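The structure under discussion appears below in the form of structure tokens.
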Amino acid sequence: MSDLPRQSQVWNDSTIDDIQAKAELGRYRIRGFSQLRERPIPSFDDLTFLPCTLTRIPLEGYREKCNTQTVLGARFASQPIVNDIPVMITGMSFGALSYNAKVALARGARAAGTSSTTGDGGMLRAERENAKTLIYEVLPSRYGFDVHDLLAADAIELTIGQGAKPGTGGLLLGSKVSDEIAARRDLPAGVDQRSPARHPDWLGPDDMILKIEELREATSGRLPIFVKMGATRVFDDVRLAWKAGADVVVIDGMEGGTGASPDLLLEHTGIPTLAAVCEARAALEDVGGYGQMQMIIAGGIRSGVDAAKAIALGADAVYIGTAALIALNCNRPLYLDDYRALGTAPHHCHHCHTDRCPVGITTQDPDLMQRLPIDEAAERVTNFLHAMTLEIQMLARACAKADVHDLEPEDMRALTLESSMITGLPLVGTRRVFGGGPGWKRSTQD
Amino acid sequence: MEQIDCDNKTTREINTALRALISQGETEICVRNPRARHNLAVGLIQPAHIVFEGSVGYYCGGMGDGPTIEVHGSAGWGLAEGIMSGTIVVEKNAGNGAAAAIRGGTVIVRGDVSARAGISMKGGTIIVGGSVGYATGFMMQKGTLIILGNAGMALGDSLYEGHIFLGGQVEELGNDAVVAETDSQDAVFLTQTLAAFGYDAARYDFRKIVAGRKLWNFDKKDFESWRVAL
Numbered sequence: 244m245s246d247l248p249r250q251s252q253v254w255n256d257s258t259i260d261d262i263q264a265k266a267e268l269g270r271y272r273i274r275g276f277s278q279l280r281e282r283p284i285p286s287f288d289d290l291t292f293l294p295c296t297l298t299r300i301p302l303e304g305y306r307e308k309c310n311t312q313t314v315l316g317a318r319f320a321s322q323p324i325v326n327d328i329p330v331m332i333t334g335m336s337f338g339a340l341s342y343n344a345k346v347a348l349a350r351g352a353r354a355a356g357t358s359s360t361t362g363d364g365g366m367l368r369a370e371r372e373n374a375k376t377l378i379y380e381v382l383p384s385r386y387g388f389d390v391h392d393l394l395a396a397d398a399i400e401l402t403i404g405q406g407a408k409p410g411t412g413g414l415l416l417g418s419k420v421s422d423e424i425a426a427r428r429d430l431p432a433g434v435d436q437r438s439p440a441r442h443p444d445w446l447g448p449d450d451m452i453l454k455i456e457e458l459r460e461a462t463s464g465r466l467p468i469f470v471k472m473g474a475t476r477v478f479d480d481v482r483l484a485w486k487a488g489a490d491v492v493v494i495d496g497m498e499g500g501t502g503a504s505p506d507l508l509l510e511h512t513g514i515p516t517l518a519a520v521c522e523a524r525a526a527l528e529d530v531g532g533y534g535q536m537q538m539i540i541a542g543g544i545r546s547g548v549d550a551a552k553a554i555a556l557g558a559d560a561v562y563i564g565t566a567a568l569i570a571l572n573c574n575r576p577l578y579l580d581d582y583r584a585l586g587t588a589p590h591h592c593h594h595c596h597t598d599r600c601p602v603g604i605t606t607q608d609p610d611l612m613q614r615l616p617i618d619e620a621a622e623r624v625t626n627f628l629h630a631m632t633l634e635i636q637m638l639a640r641a642c643a644k645a646d647v648h649d650l651e652p653e654d655m656r657a658l659t660l661e662s663s664m665i666t667g668l669p670l671v672g673t674r675r676v677f678g679g680g681p682g683w684k685r686s687t688q689d
Numbered sequence: 003m004e005q006i007d008c009d010n011k012t013t014r015e016i017n018t019a020l021r022a023l024i025s026q027g028e029t030e031i032c033v034r035n036p037r038a039r040h041n042l043a044v045g046l047i048q049p050a051h052i053v054f055e056g057s058v059g060y061y062c063g064g065m066g067d068g069p070t071i072e073v074h075g076s077a078g079w080g081l082a083e084g085i086m087s088g089t090i091v092v093e094k095n096a097g098n099g100a101a102a103a104i105r106g107g108t109v110i111v112r113g114d115v116s117a118r119a120g121i122s123m124k125g126g127t128i129i130v131g132g133s134v135g136y137a138t139g140f141m142m143q144k145g146t147l148i149i150l151g152n153a154g155m156a157l158g159d160s161l162y163e164g165h166i167f168l169g170g171q172v173e174e175l176g177n178d179a180v181v182a183e184t185d186s187q188d189a190v191f192l193t194q195t196l197a198a199f200g201y202d203a204a205r206y207d208f209r210k211i212v213a214g215r216k217l218w219n220f221d222k223k224d225f226e227s228w229r230v231a232l
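If you want it as structure tokens, here you go:
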């Protein structure tokens, strides 16, 4: 037998590190960012587009228009929001993010003609001033909730949960609860803030009907009301959101990011975004609400390709969070000593929870925050949103679509057996669907 | 006093009529036949004195900033939730989550209140003339909650800051809720605050409940507290 070192599949490096870290901490591990799973999960990479050949005629990529305008909330709201593109900035709190990051996201989104979203802890005045369209989150914690901010918003997002940690509340460790953040949230400075998992004034879906009515009454029916959920039992949850009278449903898959979460929730709860969008569409078709209640999909959307695939599967728009932070500078190889001090390196950093973000994004430290000049950061966000839009349009035109929202399941095929089963798309090289898919009507089956 | 009759009106029509009268400068408005309708007088941000002649449903006066509201009856869930300022008085009882997450203002319920009154409250004052259900003051952050009657289980569970004054008996204090000494300032505050709404503080032997602060930051040596809280 060789003397080369061998390692157990069970007791490997990460398992040993994990046990020994918990043996020190006495609790579960907490970190930021997104999934770090060693085993891949089904994703949009498991699908491929089928651009035009003889059976379809493509649009001229540099000549013919391809619409990207996206209208959200027309089901009940008298003032639905109209974004120029189907990519939006998701809710991230001032607290998890620095002031500069929040303002840069709002400004960057505005320049790209799309919306940004507030987050736990309320609305920054500068965020409102810089955003074209601002979505106001109403969260279980109600930190910083202010009716005047609600009335100044363009849409309301009633947040039930998020993909990174469904079924639990927010988390902001004491190192980030600065005097300013504490004052905004009415908390003692330095406290480990664990937000409630439930709303304080309603519990189940029948109560939510009344809560939505309250929000609608308070705003005289002007604003679209989104309902946002982490992706778990998506088929049932979307049907309940429909029944409750939501204008828009937001589904956040398990790849969704966060500023801080128990590691186990990031890795082991929820369902992948790919599966979530399929279940959501099936639910909308089941209740006859497809095309009436818009669907936004979130969770690990990295590019216009991901966005185009989500749209083709039934989403009206996508949210980006982590991708927008990476556009800001997250994980960029700058300030290398500070990455090393955290025990990490660029492209591997997930230390958003520590308040020591080397690039000034997930910190309340004034000195670190200065590393993120707002104008430059906003421009990078705008550029990235533009790039995503061009990517979506390129795929849409190649698939003969004059509107990106006309992308459809038939424009794609599954590259793997499991993605065929999840999506209901035929497996490449066959004309068959290997499994039931989520249940929507499939024109390509057989 | 201007009058609005809820009969044969939708909720939107009632709220629109309220807003219209307030914007016209009316400061005294009587709302007749509310019949426990939900979502009445929500999101009002101007001062006005509104009287509901009967019971109201969920979220009456919710998300307000300024109005004074009287309910001549009982109220459903989420009474006055999230208000920033103003005064809301309910003559009879209130349902779950009364004055949830308020940031200011004063909410008075002269009868009993169900579970989770003052949950996540962030400021302001709540006065309950009767008794309260379980998890009252759950995750309370700031403000003052005065209970003249008895309290159910888990009173003040996981509160961050703020004060609960209890005139009656408690079935069980919540996790990290502890009894603190009252002082002369508390006595003055209780006397003045309660007198403003017709209550005599001298009739009660108040206990003051505050945060033990064990849950502010994780301590692996205090596993028993965290086993319950996390």
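Going line by line, the protein sequences match chains A and B.
Under our numbering, the residues of the first sequence are numbered 244 to 689, in order.
Under our numbering, the residues of the second sequence are numbered 3 to 232, in order.
A virtual CB, placed ideally from N, CA and C, is assigned to each residue, including glycine.
In this text, all values refer to a predicted model and were calculated from it rather than measured experimentally.
For the pair A:N326 and A:T291, the CB atoms are not nearer than the 9 Å cut-off. Interface residue (Cβ-Cβ distance to chain B less than 9 Å): A:A526 is not classified as such. For A:S438, there is no enclosing beta strand (DSSP E), as DSSP marks it with neither H nor E.
Apart from the 5 residues on each side of it in sequence, A:N310 sits with its Cβ closer than 6 Å to the Cβ of D646 in its chain, given in chain order.
Taken through DSSP and simplified to helix, strand or coil, A:G351 comes out as helix. The beta carbon of A:G513 is closer than 7 Å to those of G406, P409, G473, A474, T475, G496 and M497 in its chain, skipping five residues each way along the sequence.
Below the 7 Å Cβ cutoff, chain A contributes E457, E460 and A461 as neighbours of B:V44, in chain order. The alpha-carbon of A:L527 is positioned some 21 Å away from that of A:K454. When rounded, the separation of the alpha-carbon atoms in B:I85 and B:R105 is 6 Å. Taken in chain order, the members of the region 110-121 of chain B whose beta-carbon sits within less than 8 Å of a beta-carbon on chain A are R118 and I121.
Taking all protein chains in view, the Cβ of B:K124 is crowded by 16 or more other Cβ atoms within 10 Å, so the residue is classified as buried.
A:R280 and A:L508 have their C-alpha atoms roughly 12 Å apart. Under the 8 Å Cβ criterion, the region 92-105 of chain B counts as touching the region 126-142 of chain B, having at least three qualifying pairs. A:Y342 sits in a helix when the DSSP states are folded into three classes. Here B:I148 is bridged, per DSSP, to B:I129 and B:F167. CA-CA distance, B:I148 to B:E83, rounds to 17 Å.
For A:S321, not one C-beta of chain B is nearer than 9 Å to its own C-beta. According to the DSSP assignment, B:E28 belongs to no beta strand (DSSP E), since it is labelled neither H nor E. Membership of A:N626 in any beta strand (DSSP E) is not indicated; the residue belongs instead to the alpha helix (DSSP H) covering I617 to A641. In chain order, T127 and H165 place their CB closer than 6 Å to the CB of B:T146, counting only its own chain and leaving out the 5 sequence neighbours on each side.
Under the Cβ criterion of 9 Å, B:K222 is counted among the residues facing chain A. In this structure, A:G502 sits near A:H596, with a CB-CB distance shorter than 9 Å. Collapsing the DSSP output to three states places A:E307 in coil.
The contact set of A:D479 on chain B, defined by CB atoms closer than 7 Å, is empty, because the minimum CB distance reaches about 23 Å. Contact annotation for A:L393 against chain B: G45 and M65 [CB-CB distance below 8 Å, chain order]. When the beta-carbon positions are compared, A:I468 and A:L483 stay at least 9 Å from each other.
A straight-line Cα-Cα distance of about 8 Å links A:A518 and A:S286. Here the region 342-359 of chain A makes contact with the region 560-580 of chain A; the two share three or more CB pairs at distances below 8 Å. Contact note: A:P431 reaches chain B through Y162, E163 and W218, using a C-beta cutoff of 7 Å and chain order.
Residues of the same chain with a CB within less than 8 Å of the CB of A:A440, apart from the 5 flanking positions on each side, are P383, G404, G410, T411 and G412 in chain order.
Counting only Cβ-Cβ distances below 9 Å, A:L466 has no contacts in chain B at all, with the closest Cβ about 11 Å away. Taking the CA atoms as reference points, B:L161 sits about 41 Å from A:C521. When the Cα atoms are used, B:I110 and A:D392 turn out to be separated by approximately 26 Å. From the listed residues B:G107, B:V212 and B:M141, the smallest Cα separation to B:T195 is found for B:G107.
Chain-order list of chain A residues neighbouring B:M141: P439, by C-beta distance under 7 Å. Against chain A, a Cβ distance below 9 Å from B:Y60 picks out D444, W445, D450, L453, K454, E456 and E457.
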